[in-house]
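Asker: Protein chains in written order, with full-length UniProt numbering: chain B, 1 to 370; chain W, 1 to 370; chain C, 1 to 370; chain H, 1 to 370.
There's a structure below that I have some questions on.
4 protein chains.
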Amino acid sequence: MKNSFGTNLQITVFGESHGPCIGIVLDGLPAGFSIDEKQIEHDMELRKPKGKTGTQRHEEDTIHIVSGFFNGYTTGSPLTILIENKAQRSKDYAPLKYRLRPSHADWSAFEKYHGYQDYRGGGHFSGRLTAPIVAAGSICKQILNQKGVKIATHLEALYTLEDDAFSTKAEELDQQIDLLNEKQFPTLNEKKGEEMKTAIEQAALEKDSVGGILESAITHFPAGIGEPFFDSLESLLAHALFSIPAVKGVSFGLGFDFAAKKGSEANDALYAHDGRIETTSNNNAGINGGISNGMPILIHTVIKPTASIFKAQKSVEYDTKENIELTIEGRHDPCIAHRARIVVDSMIAFTLLDAWMSKAAKEEFEEETL
Amino acid sequence: MKNSFGTNLQITVFGESHGPCIGIVLDGLPAGFSIDEKQIEHDMELRKPKGKTGTQRHEEDTIHIVSGFFNGYTTGSPLTILIENKAQRSKDYAPLKYRLRPSHADWSAFEKYHGYQDYRGGGHFSGRLTAPIVAAGSICKQILNQKGVKIATHLEALYTLEDDAFSTKAEELDQQIDLLNEKQFPTLNEKKGEEMKTAIEQAALEKDSVGGILESAITHFPAGIGEPFFDSLESLLAHALFSIPAVKGVSFGLGFDFAAKKGSEANDALYAHDGRIETTSNNNAGINGGISNGMPILIHTVIKPTASIFKAQKSVEYDTKENIELTIEGRHDPCIAHRARIVVDSMIAFTLLDAWMSKAAKEEFEEETL
Amino acid sequence: MKNSFGTNLQITVFGESHGPCIGIVLDGLPAGFSIDEKQIEHDMELRKPKGKTGTQRHEEDTIHIVSGFFNGYTTGSPLTILIENKAQRSKDYAPLKYRLRPSHADWSAFEKYHGYQDYRGGGHFSGRLTAPIVAAGSICKQILNQKGVKIATHLEALYTLEDDAFSTKAEELDQQIDLLNEKQFPTLNEKKGEEMKTAIEQAALEKDSVGGILESAITHFPAGIGEPFFDSLESLLAHALFSIPAVKGVSFGLGFDFAAKKGSEANDALYAHDGRIETTSNNNAGINGGISNGMPILIHTVIKPTASIFKAQKSVEYDTKENIELTIEGRHDPCIAHRARIVVDSMIAFTLLDAWMSKAAKEEFEEETL
Amino acid sequence: MKNSFGTNLQITVFGESHGPCIGIVLDGLPAGFSIDEKQIEHDMELRKPKGKTGTQRHEEDTIHIVSGFFNGYTTGSPLTILIENKAQRSKDYAPLKYRLRPSHADWSAFEKYHGYQDYRGGGHFSGRLTAPIVAAGSICKQILNQKGVKIATHLEALYTLEDDAFSTKAEELDQQIDLLNEKQFPTLNEKKGEEMKTAIEQAALEKDSVGGILESAITHFPAGIGEPFFDSLESLLAHALFSIPAVKGVSFGLGFDFAAKKGSEANDALYAHDGRIETTSNNNAGINGGISNGMPILIHTVIKPTASIFKAQKSVEYDTKENIELTIEGRHDPCIAHRARIVVDSMIAFTLLDAWMSKAAKEEFEEETL
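Structural data, given as structure tokens:
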């Protein structure tokens with residue numbers, strides 16, 4: 001699948017950081033869905049670097065829908081979005097080609113592409129490729145929203161700082177989601193948000209970078225979606241999230257804290273009220289046996305500190321195999337965790353919509369007995 | 001893909017806990033590969049419950065290769081493995097059908113299958129389905145072994161106990177891998193292993209269960225394998241690992257500890273010696289930009305405490321929506337983390353072999369210039 | 001995909017002619033569908049060789065559903081069917097290994113599998129693999145039948161003999177379909193059927209074989225299913241049909257006769273009556289732009305004469321590259337066109353059900369405006 | 001897969017006849033392959049309408065490679081080609097929306113997309129979408145050419161006229177292929193070509209259209225490529241070819257003429273010379289058991305007469321269900337068979353390159369014993 005992903009719904013991303021444009025094809029969308037382009041712009045805005053917490057490369061990121069959209073509605077044909085690269089710097093990248101940036105894809109790209117990769121600004125590995133993903137994800141999110149599903153992500157942790165937790169009360173959680181979706185810097189606790197921004201700016205001053213953990217909440221997603229094995233919701237969501245550059249860990253609910261729990265602590269007790277089943281806790285994050293149970297889905301995604309830092313680093317020249325000291329110049333983010341939140345939302349929205357469509361595929365043929 | 005997974009190599013699992021047999025089809029294997037059936041038996045043995053740390057359901061798990069294997073070699077046709085279910089208990093499961101076991105797939109299965117699922121012993125959701133996965137994974141591992149690749153997994157943590165860490169020295173790590181593959185209870189530190197066994201037995205005595213974290217190491221896997229986006233090695237491996245029942249988190253290298261690091265601490269400095277590139281640290285666990293760089297791949301997988309416990313739990317009857325107190329009877333594991341280690345190895349072996357074949361697909365057409 | 005096929009519904013075939021069993025996994029079926037095993041047996045019977053028109057290898061072909069079927073209903077988990085091979089002849093095939101049978105897969109199999117293929121009785125290339133396909137297809141056909149869809153195939157031509165044509169009247173066509181599905185030898189015209197049987201027996205007497213053309217009709221298949229490009233109904237159906245051994249051509253409606261037509265003759269004029277649209281002719285066989293329009297789908301499939309004949313033939317020994325005269329012994333069919341009819345029905349049923357499920361996948365999300 | 005196709009190599013087409021641009025993403029290409037853009041232009045030229053035998057809509061069809069191509073070489077990242085639509089006529093298509101053109105996709109598109117489809121000039125169903133396919137196919141063909149593979153297609157039949165046959169001698173066939181690839185109107189026999197052109201012009205004068213049959217020859221394609229079942233070379237090629245608008249039949253070698261043959265006539269006798277195996281005839285067209293044997297691959301593809309004709313036709317208005325007489329205006333081709341030849345070449349080149357890569361995927365792991 002390489003640069004495509006999905007079953008009934010499929011995305012295909014293309015482009016490089018310094019090429020004329022980047023883009024995405026979103027295939028398999030239902031016809032007749034009204035798209036609010038303003039909402040896409042809103043989501044694109046949340047991905048943009050702001051002030052001192054982001055890169056100084058400022059792209060307009062105007063989206064051009066060139067197919068699959070007609071008279072304000074999806075047509076059912078592949079919907080293609082193009083975004084021009086405008087703020088490339090016309091410097092000569094050739095001398096940098098062989099100077100490997102530590103923990104970047106420079107080295108592994110050489111091993112894979114034998115030197116033919118477009119190395120300018122990270123090429124196809126660039127975080128810029130997440131811009132069309134946000135545009136496509138915004139469309140998927142709009143469809144899910146119309147069905148009542150809500151999605152948002154906050155900065156659960158940044159460097160050593162922690163945000164407040166999501167509420168365990170359904171209504172409060174919905175309110176938190178709505179609020180987060182209006183915030184440029186995604187914390188539940190405003191004060192913690194300010195501290196985090198300061199920490200990012202501090203890292204920038206130190207010519208360094210910091211990482212963070214994102215926590216996503218999805219509410220009102222229907223029960224019964226996902227598969228027992230290879231298309232478990234966790235498998236699909238993790239597959240999607242690990243395709244975002246800099247993601248090195250994904251967990252659900254209690255996640256790695258499950259290890260130190262006993263079953264009696266970890267299990268989510270069930271109770272029924274008004275003919276409806278719920279669980280008292282939600283350690284399993286709305287997914288059992290790979291299938292949604294209707295409770296909120298909660299996902300943790302760790303974003304490593306930006307590999308590009310201004311500090312001098314030990315490295316190697318690929319062609320000569322000479323040991324060098326490397327100082328990276330140019331424009332880059334001292335932290336991408338906060339900007340990644342909307343990319344995470346987008347990959348989640350895409351994945352859940354596709355999974356839902358896979359369930360819908362069978363329903364026409366199924367009998368209900370209960 | 002549901003019950004199938006893979007691109008050039010594909011597995012398809014089928015069967016239920018109380019059906020006549022379970023099995024797997026492994027399609028896309030190269031022809032002419034010699035399989036050591038004794039090695040498969042060895043790996044199957046590592047999955048079996050032993051003593052008081054595992055379930056009292058003891059299955060022989062004799063494997064029957066019914067296709068794709070001829071005169072001791074793979075034929076290139078689909079290789080199918082059947083394993084009979086012999087130790088089902090012939091009790092009447094019908095009265096239990098609607099009594100939802102907390103944190104099991106019972107509830108979500110009702111939402112998905114509307115009561116038609118085979119509910120006996122977990123049906124298709126049962127951990128028994130991992131038996132054929134181990135058999136298929138053993139074959140993949142044998143192919144990788146022949147190419148020099150080594151894979152093993154240890155119990156990094158069990159409940160509140162921790163094993164020693166993998167060595168950061170290449171040779172020592174290889175030795176640790178070899179040793180682990182001979183151990184029924186997979187710890188690097190023998191004494192810690194004994195303590196962990198005791199902790200599991202203690203949980204059993206308390207009618208409870210415990211979870212754990214598995215850490216896998218893969219050495220000598222070639223550089224240049226994986227894809228920048230949706231087929232990043234992390235995406236593929238996480239997809240595979242999250243399909244194992246009870247897995248709730250997957251991370252690579254520093255994993256969630258990346259969050260509290262600065263870039264200058266997290267980045268892996270490069271150095272060259274004897275014309276070969278390596279990194280001084282390996283926080284990124286051998287993968288940059290989704291592509292292997294030749295350093296060891298290190299993966300953490302959290303296994304939640306077994307959902308089946310003997311303690312009474314609050315639950316619901318699905319059909320009547322009545323609140324009940326449920327006491328689960330029968331046979332189950334007080335911990336599955338140690339048994340899961342070989343399942344994890346198997347899914348990793350399958351995934352890495354498939355990814356390697358995808359790289360090989362292009363090599364005939366590529367020129368090397370460097 | 002190799003030995004798997006399908007999107008929302010997937011089949012995976014495995015096994016060899018002389019292995020212990022052959023089988024199929026049918027994944028993605030809706031849950032709660034009642035399967036009539038007698039109907040599967042009925043369809044299996046139509047595939048069996050009878051009298052002098054078929055091979056003397058007589059297999060019971062008893063089907064064993066080992067998963068995905070519980071209390072008389074599909075569970076939604078992979079449904080697996082095993083069929084034992086019982087009538088293998090225990091002769092030593094090794095001396096025949098390198099003696100290439102003309103127009104068989106012997107030669108190309110050597111090129112692909114380098115001698116590791118199971119060469120006994122055609123191995124994985126054997127027509128026996130179509131037995132599990134018929135069983136799985138029968139299940140798909142039962143689902144389609146319940147939705148009102150009818151499918152049948154007749155022997156449009158056998159050697160130089162031709163059957164009557166399908167009726168162009170809807171009701172008559174439905175009656176013909178029902179009649180064909182009860183006939184062991186599938187012709188509309190009984191007398192022509194007898195002549196064809198005689199032609200097959202004559203070919204057998206001459207130590208030779210004959211080919212034929214199958215025409216399939218599908219009625220009451222809903223409009224709006226299929227895709228403009230790579231999943232056009234014609235693409236999907238042809239993909240499925242060309243996977244049947246001995247098929248060398250597939251066409252729809254006028255097929256190759258379209259070439260010598262003018263547009264004004266070939267186009268199907270539209271007319272409306274009682275608020276319903278139909279076409280006066282059906283040259284396009286119910287498919288426009290890759291999408292069904294609700295008219296009957298009509299497909300022609302040519303089956304080449306059985307490659308195995310008793311006449312001596314010029315050939316080569318693969319290992320020595322020596323020119324030889326080869327006389328094939330053993331049991332084989334003087335014609336397989338009539339037996340293939342139910343295989344063709346099965347592949348069509350599978351493909352159309354999968355395509356329908358792909359449409360259903362979107363419908364939950366679509367608005368109707370007309 | 002809808003608008004994507006392929007396994008190791010994948011194409012994704014997008015765009016509509018009257019949108020701003022159409023395009024294609026070609027993913028999975030090997031890195032480091034030099035592309036001759038002039039050769040792409042050459043192939044694009046062969047698709048263009050010329051004189052009175054084609055539509056009066058003249059598009060420049062300048063290709064823009066916007067990703068995956070750097071410094072004259074493929075990078076290994078998705079290669080994306082955009083082609084602007086420039087010659088749309090700015091008329092108001094709305095009044096035509098419901099007036100169904102017979103044997104077009106208008107009707108079935110309404111059934112599928114409920115009126116949301118872009119109906120202008122055929123929208124996503126337009127033959128214009130074959131322009132990016134030719135560009136992508138040209139790249140695949142260049143890779144195959146470098147490996148020694150030759151591909152060309154001639155107009156085997158047009159209306160009632162027939163071209164000469166391909167030579168059965170290897171060297172002559174190669175020469176014919178080379179010649180055809182330089183010809184705008186693809187016949188082996190010049191005089192027949194002139195007669196065919198006249199027939200097309202005559203059809204245009206009569207406000208009508210004609211169909212034709214294309215025969216493709218592929219030489220020097222390696223043996224051992226393809227799969228026994230669902231990825232048989234015939235399945236893959238037919239899948240690809242039936243996705244081309246107006247294709248209604250595909251056959252290989254003797255094709256539908258196999259029916260009236262005896263096995264002894266149809267089988268291709270084998271002989272060895274100089275340690276190499278060949279067949280004396282090539283009725284099976286280089287494919288046995290779904291796998292190439294090294295002989296030329298020969299494919300017949302029937303193209304129906306253009307559905308758009310200027311003659312008045314009986315039709316229906318979709319919304320009112322009123323019977324109407326429809327006269328189609330605008331620009332269209334009296335025949336598309338000759339233009340389709342390069343589209344056919346392109347789909348073949350893509351499919352064969354992908355199949356080859358799938359074989360290469362295994363080769364690193366296979367032992368050769370013969």
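Beta carbons: idealized from backbone N, C-alpha and C, even for Gly.
Between which two residues does the beta strand (DSSP E) carrying H/Val25 extend?
Answerer: Your numbering for residue 25 of chain H matches position 25 in the fourth sequence. First-last of the beta strand (DSSP E) with H/Val25: 21-27.
Asker: Is there at least one Cβ from chain C nearer than 8 Å to H/Ile35's Cβ?
Answerer: Here residue 35 of chain H is taken as the residue at index 35 of the fourth sequence, counted from 1. Chain C contact via Cβ: absent.
Asker: When you check each C-beta in the region 10-32 of chain B against every C-beta of chain H, which residues fall closer than 8 Å?
Answerer: Here the close residues are Gln10, Thr12, Val13, Phe14, Gly15, Glu16, Gly19, Pro20, Cys21, Ile22, Gly23, Val25, Asp27, Gly28, Ala31, Gly32.
Asker: Between the region 171-186 of chain C and the region 236-252 of chain C, do at least 3 Cβ pairs fall closer than 8 Å?
Answerer: Cβ pair count under 8 Å is below three, so no.
Asker: Please name the residue or residues paired with B/Leu161 in a DSSP beta bridge.
Answerer: As a working mapping, residue 161 of chain B is identified with position 161 in the first sequence. B/Leu158.
Asker: When the Cα of H/Pro305 is compared with those of C/Ile291, C/Asp319, C/Ile342, C/Asp257, which residue comes out closest?
Answerer: Here residue 305 of chain H refers to the residue found at position 305 when the fourth sequence is read from its first residue. Here the closest residue by C-alpha is C/Asp257.
Asker: Excluding the five sequence neighbours on either side, which residues of its own chain have a C-beta within less than 7 Å of the C-beta of B/Ile342, listed in chain order?
Answerer: By 1-based counting over the first sequence, the position of residue 342 of chain B is 342. Taken in chain order, the residues that qualify are Asp43, Leu46, Arg47, Val134.
Asker: Listed in chain order, which residues of the region 264-294 of chain H have Cβ atoms closer than 9 Å to some Cβ of chain B?
Answerer: Answer in chain order: no residues at all.
Asker: According to a CB-to-CB cut-off of less than 9 Å, which residues of the region 178-200 of chain W neighbour chain B?
Answerer: Correct list: empty, as no residue qualifies.
Asker: Over the uninterrupted beta strand (DSSP E) stretch that includes W/Gln10, give me the two end residues.
Answerer: Residue 10 of chain W sits at position 10 when you count from the first residue of the second sequence. Element bounds for W/Gln10: 10-15.
Asker: Going along chain W, which residues have a C-beta under 8 Å from residue 372 of chain C?
Answerer: The first residue shown for chain C is 1 and the last is 370, placing residue 372 of chain C beyond what the model contains.
Asker: Would a check of beta-carbon distances place B/Trp107 closer than 8 Å to chain W?
Answerer: Reading the first sequence from its first residue, position 107 is the one you call residue 107 of chain B. Answer yes: the Cβ-Cβ gap between B/Trp107 and chain W drops below 8 Å somewhere.
Asker: Starting from the C-beta of B/Ala170, find all residues in its chain whose C-beta is less than 8 Å away, skip the five residues before and the five after it, and write them out in chain order.
Answerer: The count along the first sequence starts at 1 and reaches residue 170 of chain B at position 170. Thr219, Pro296, listed in sequence order.
Asker: Just list the residues that DSSP pairs H/Ser67 with in beta bridges.
Answerer: In the fourth sequence, the residue the question calls residue 67 of chain H occupies position 67. The partner list for H/Ser67 (beta bridge, DSSP) reads H/Thr80.
Asker: Counting only beta-carbon separations shorter than 8 Å, does W/Asn8 have a partner in chain H?
Answerer: What you label residue 8 of chain W is simply residue 8 of the second sequence in a count that begins at 1. It does; some Cβ of chain H falls within 8 Å.
Asker: Which full runs of the beta strand (DSSP E) of 3+ residues lie inside the region 182-256 of chain H, going along the chain?
Answerer: Runs of the beta strand (DSSP E) inside the region 182-256 of chain H: 212-219, 247-252.
Asker: Let me know the secondary structure DSSP gives C/Leu100 once reduced to three states.
Answerer: Stepping through the third sequence from its first residue, residue 100 of chain C is reached at position 100. In this structure, C/Leu100 counts as coil in the three-state DSSP scheme.
Asker: Kindly say whether H/Ser358, judged by its beta-carbon, lies nearer than 8 Å to any beta-carbon of chain W.
Answerer: For the purposes of this step, residue 358 of chain H is identified with residue 358 of the fourth sequence, where counting begins at 1. Yes, because at least one Cβ of chain W sits closer than 8 Å to the Cβ of H/Ser358.
Asker: If we count the other Cβ atoms within 10 Å of its Cβ and call it buried at 16 or more, is B/Gly72 buried or exposed?
Answerer: Reading the first sequence from its first residue, position 72 is the one you call residue 72 of chain B. It counts as exposed.
Asker: Assuming contact is defined by CB atoms lying nearer than 8 Å, are H/Ala223 and C/Ser108 in contact in what I supplied?
Answerer: Position 223 of the fourth sequence holds residue 223 of chain H. Position 108 of the third sequence holds residue 108 of chain C. Yes, they are a contact pair.
Asker: Tell me, to the nearest whole angstrom, how far the beta carbon of C/Asp354 is from that of C/Thr7; I am working on the premise that it is less than 8 Å.
Answerer: Within the third sequence, the letter at position 354 stands for residue 354 of chain C. Within the third sequence, the letter at position 7 stands for residue 7 of chain C. Yes, C/Asp354 and C/Thr7 are in contact; Cβ-Cβ is about 6 Å, under 8 Å.
Asker: Here's a check: name, in chain order, each residue in its chain whose Cβ is nearer than 8 Å to the Cβ of residue 400 of chain C, leaving out the five neighbours to either side.
Answerer: Residue 400 of chain C lies beyond the stretch modelled for chain C, which goes from 1 to 370, so this question has no answer here.
Asker: Given that H/Ala361 touches chain W, what residues does it touch there, using C-beta distances under 7 Å?
Answerer: Locating residue 361 of chain H in the fourth sequence gives position 361, counting from the first residue. Under the 7 Å cutoff, chain W gives Asn8, Met357, Ser358, Ala360, Ala361.
Asker: Using a Cβ cut-off of 8 Å (strictly closer), state whether H/Gln313 contacts chain C.
Answerer: Position 313 of the fourth sequence, counted from the first residue, corresponds to residue 313 of chain H. It does; some Cβ of chain C falls within 8 Å.
Asker: Taking the alpha-carbon positions, what's the W/Lys197 to B/Ser34 distance?
Answerer: Against the second sequence, residue 197 of chain W aligns to sequence position 197. Against the first sequence, residue 34 of chain B aligns to sequence position 34. Looking at the two C-alpha atoms, the distance is approximately 58 Å.
Asker: Anything in the region 216-234 of chain B with a Cβ closer than 8 Å to a Cβ of chain C? List those residues in chain order, please.
Answerer: Listed in sequence order: Pro228.
Asker: Quick check on B/Lys112: buried or exposed, where buried means 16 or more other Cβ atoms within 10 Å of its Cβ?
Answerer: Translated into the one-based positions of the first sequence, residue 112 of chain B becomes position 112. Answer is buried; the Cβ neighbour count reaches 16.
Asker: What residues in the region 122-151 of chain B bring their beta carbon closer than 7 Å to a beta carbon of chain C?
Answerer: Here the close residues are Ile143.
Asker: In chain order, what residues of the same chain have a beta carbon less than 8 Å from the beta carbon of H/Cys21, not counting five sequence neighbours either side?
Answerer: In the fourth sequence, counting from the first residue as 1, residue 21 of chain H sits at position 21. Contacts found: Gly15, Leu82, Ile83, Glu84, Asn85.
Asker: Using 10 angstroms around the beta-carbon of W/Glu194, count the other beta-carbons present and answer buried if the total reaches 16, otherwise exposed.
Answerer: Working through the second sequence from its first residue, we reach residue 194 of chain W at position 194. With fewer than 16 other Cβ atoms within 10 Å, it is exposed.
Asker: Does the distance from the CB of W/Arg99 to the CB of W/Ile309 come in under 8 Å?
Answerer: Taking the first residue of the second sequence as position 1, residue 99 of chain W is located at position 99. Taking the first residue of the second sequence as position 1, residue 309 of chain W is located at position 309. Contact flag unset, no.
Asker: Do you know offhand how far C/Phe365's Cα is from W/Thr160's?
Answerer: The residue labelled residue 365 of chain C in the question sits at position 365 within the third sequence. The residue labelled residue 160 of chain W in the question sits at position 160 within the second sequence. When rounded, the distance between both Cα atoms is 47 Å.
Asker: Any beta carbon from chain H within less than 8 Å of B/Tyr113's own beta carbon?
Answerer: As a first step, residue 113 of chain B is located in the first sequence; it is residue number 113 there, counting from the start. Answer yes: the Cβ-Cβ gap between B/Tyr113 and chain H drops below 8 Å somewhere.
Asker: With the cut-off set at 8 Å, would you say H/Ser346 and H/Ala136 are in Cβ contact?
Answerer: Your numbering for residue 346 of chain H matches position 346 in the fourth sequence. Your numbering for residue 136 of chain H matches position 136 in the fourth sequence. For H/Ser346 and H/Ala136, yes; Cβs fall inside 8 Å.
Asker: Which class does B/Gln313 belong to by DSSP, given the choice of helix, strand or coil?
Answerer: To locate residue 313 of chain B, count along the first sequence from 1; it is residue 313. In this structure, B/Gln313 counts as strand in the three-state DSSP scheme.
Asker: Hey, is B/Phe69's beta-carbon within less than 8 Å of any beta-carbon in chain C?
Answerer: The residue you call residue 69 of chain B lines up with position 69 of the first sequence. Not one chain C Cβ lies under 8 Å of B/Phe69.
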